[in-house]
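There are 2 protein chains.
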Amino acid sequence: MTTADNGATFDVLVVGCGFMGSALARAFAGSGLSVAAWNRTSERAEALSEAGVVAVSDLAAAVQGTDLVVVCMASYDNVYSAMESIDTWRGNLIVNLTTATPEQSDSFARWAAARGIEALDGSIFNYPFEVGTPDAYLVYSGPLSAWMRGKSVLELLGPSRHVSSSPGSSSELMLGMVAYLVPAISSVVEATTYLARRGMPREVLLGVADYLTESLKKAMRGAVDAIERDEQDTDQATLENFAESVESALVAFAAEGLNPRLLRATEDTLMAARDLGLGERGIFAQTKVL
Amino acid sequence: MTTADNGATFDVLVVGCGFMGSALARAFAGSGLSVAAWNRTSERAEALSEAGVVAVSDLAAAVQGTDLVVVCMASYDNVYSAMESIDTWRGNLIVNLTTATPEQSDSFARWAAARGIEALDGSIFNYPFEVGTPDAYLVYSGPLSAWMRGKSVLELLGPSRHVSSSPGSSSELMLGMVAYLVPAISSVVEATTYLARRGMPREVLLGVADYLTESLKKAMRGAVDAIERDEQDTDQATLENFAESVESALVAFAAEGLNPRLLRATEDTLMAARDLGLGERGIFAQTKVL
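In structure tokens:
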């Protein structure tokens, strides 16, 4: 195994070389930085040598030689287990991109502070293949000073933003994103399955997709206003109108022998809102029955 | 009440002057066409006079004087009830924009054919205030000859397309659109409610909204391919990966005291797919458990 010499220095050390960690290391190296990589099983770090990344076996030594440490592991247990071997820190900046709950992010911030390490918590919204391209999207939370220290290097990974100084914020945003994106994709599957069974031509489906995307962008902006300001009135389409259209769709799906769980859950929410007397408000009044 | 004289002719007759019908009549008139409008209760038709629309009381006479009849009523019962008064047709083109099930659309096509009327069935995806702007979106189905006959006038209402010659197609597309858009908006409400409670800044929410919109556009295109070709493999994120992220989000929402029905329905679907051995496929494999 290639080993970093004592005294070797790097611009970035990447800890964890799974799909995502490897993509991060490659993106840094491709931007011209000197990059070290460590992984519990060394093969995955060594596989990055063709991208100019130096695989290191001594994590403690690599931390001494690198100011910026980017961590991306399968779990926080793995993170602590790897870091245990390090006795002394030199005031490094650790950017932890391991997927976490807000509580895990808070704990890690305390762990880092106790060792004189500056820590940023980050979440990656994109797929590995998008790292280092304009299609990536990364968010960070933690002290503004830590963000200012890491920003210029982290932006090499793609569009990036600092959410807030609260360590758990990027994890919260990630969970909120999951709660929107995954159900939305699941409803795409339900709708597309129905339409494909009815023989709807592919070009029609793709044409309407672009229109719906624009509608959703407006809906997201509308929802933020309606929920933050607690104003859910409308003069265009009432919650009752939406409930009626969902009823019709459920009848059609049932006739096709389909079991659309998302559409039925939507009906449940709309009915709960109607039962609460919110039928004449807009659809964002659903926030009252969550 | 203003009454069309016997012998008066118009470019378009709009039947039904609710919010949407009124918007249609105004858009036609605003484009310079001569427009007649009929409504069961005459006040709503008369209110359009300030937009240059002529309110008519004799529907049968107006049909004799107008080649193109656009119908937009609250229900198909209303449509048939209005049309009963007409004994003779002159081979008009009727464009029926009343919201329907595919079966109602098919029945109307037969009703029209029996009377020597060409009929198009249409669905309006946009809000009334968007009619006549580039933000509108209308789809039509029925004989291609009928579409060619009405196209140049119908396109004055906004972006429009002919879906297929099957009369029920535009209704099917509308129901599929409802099955995607309404659940997606409901999940926007769930995600935004969580993030607002956690104090996520408005500008962060709006920033991430644009990224998510682009992600969803890609997901919709991916879903069409994955479902039509029956290929749901992935080398980026497995259905199991999505299930784990949804689990984490459910824990966070529960900690916040929220009841996210859409997110839980998504979990149900993902679990059903996993139980079927689809965990290593991509998320579009959900189509197998619908």
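Protein chains in written order, with the numbering used here: chain A, 350 to 639; chain B, 350 to 639.
Ideal Cβ placement from N, Cα and C applies to all residues, glycine included.
Please read these numbers as outputs of a predicted model, since none were measured by experiment.
By the 10 Å Cβ neighbour count, where 16 or more other Cβ atoms means buried, how is Phe602 (chain A) classified, buried or exposed?
buried
Chain A residues whose Cβ lies nearer than 7 angstroms to that of Val557 (chain B)
Leu522, Met526
Partner residues on chain A for Leu544 (chain B), Cβ-Cβ distance less than 8 angstroms
Glu521, Leu522, Gly525
First through last residue of the alpha helix (DSSP H) which encompasses Ser371 (chain A)
368-379
Could you check where the beta strand (DSSP E) with Ser490 (chain B) kicks off and where it finishes?
487-490
Along chain A, which residues have their Cβ under 7 angstroms away from the Cβ of Tyr560 (chain B)?
Phe474, Tyr486
Kindly give me the distance between the Cβ atoms of Val502 (chain A) and Val361 (chain A), rounded to whole angstroms, as I take these residues to be in contact under 8 angstroms.
6 angstroms
Pairs of beta-carbons, one from the region 603-616 of chain A and one from the region 554-563 of chain A, closer than 8 angstroms: are there three or more?
no
For the 8 angstroms Cβ check, are there 3 or more pairs between the region 484-503 of chain A and the region 513-528 of chain A?
yes
Is Glu593 (chain B) a contact residue of the ligand COA, with contact defined as CB to any heavy atom under 6 angstroms?
For the structure depicted, the ligand COA is absent and the ligand set is empty, with no information on it obtainable.
Is the separation between the beta-carbon of Gly365 (chain A) and that of Met422 (chain A) shorter than 7 angstroms?
yes
Leaving out five residues before and five after Ala622 (chain B) in sequence, what residues of the same chain have Cβ atoms less than 7 angstroms from its Cβ?
Leu588, Ala634, Gln635, Lys637, Val638
Let me check understanding here. Comparing Cα to Cα, which of A:Asn608, A:Thr618, A:Lys566, A:Arg610 lies closest to Asn608 (chain B)?
A:Thr618
In chain order, each alpha helix (DSSP H) run of at least 4 residues that lies wholly inside the region 515-579 of chain B
518-546, 551-577
Along the chain, where does the alpha helix (DSSP H) that runs through Leu619 (chain A) open and close?
610-624
Tell me, please, whether the CB atom of Glu539 (chain A) is closer than 7 angstroms to any CB atom in chain B?
yes
Extent of the continuous alpha helix (DSSP H) run through Glu593 (chain A):
588-604
Among B:Tyr425, B:Arg375, B:Met620, B:Thr448, which has the Cα closest to the Cα of Glu521 (chain B)?
B:Thr448
Is it the case that the Cβ atoms of Ala400 (chain A) and Leu442 (chain A) are separated by a distance below 7 angstroms?
no
Is Val531 (chain B) close to chain A, meaning its C-beta is less than 7 angstroms from at least one C-beta of that chain?
yes
Comparing alpha-carbon positions, which option in A:Val512, A:Thr358, A:Glu392 lies nearest Pro550 (chain B)?
A:Val512
Examine chain B for any beta-carbon lying closer than 7 angstroms to the beta-carbon of Val412 (chain A), and answer yes or no.
no
Which term fits Leu625 (chain B), buried or exposed, when burial requires 16 or more other beta carbons within 10 angstroms of its beta carbon?
exposed
Residue range of the beta strand (DSSP E) that includes Gly471 (chain A)
467-473
Does the beta-carbon of Ser430 (chain A) have 16 or more other beta-carbons within 10 angstroms, so that it is buried, or is it exposed?
exposed
is_contact[Glu577 (chain A), chain B] using C-beta, thresh 7 angstroms
yes
Taking Cβ positions, are Asp574 (chain B) and Arg630 (chain B) nearer each other than 7 angstroms?
no
Under 8 angstroms: do the region 471-490 of chain A and the region 367-378 of chain A share three or more Cβ pairs, one atom per stretch?
yes
Same chain only: Cβ atoms within 6 angstroms of Val363 (chain B), ignoring 5 sequence neighbours per side
Gly370, Leu373, Ala374, Ala386, Val419
Apart from the five residues just before and just after Pro532 (chain B), which ones in its own chain have a Cβ nearer than 8 angstroms to its Cβ?
Leu611
Leaving out five residues on either side along the sequence, give the residues of the same chain with a beta carbon under 7 angstroms from the beta carbon of Gly628 (chain B).
Thr587, Leu588, Glu589
Would you mind sorting Ser535 (chain A) into buried or exposed? The rule is 16 or more other CB atoms within 10 Å of its CB.
buried
Quick one: Cα of Glu433 (chain B) to Cα of Ala411 (chain B), how far?
14 angstroms
With DSSP collapsed to three states, give me the class of Asp407 (chain B).
coil
Counting contacts by CB-CB distance shorter than 7 angstroms, is Phe457 (chain B) in contact with chain A?
no
May I have the straight-line CA-CA distance separating Pro508 (chain A) from Asp407 (chain A), to the nearest angstrom?
32 angstroms
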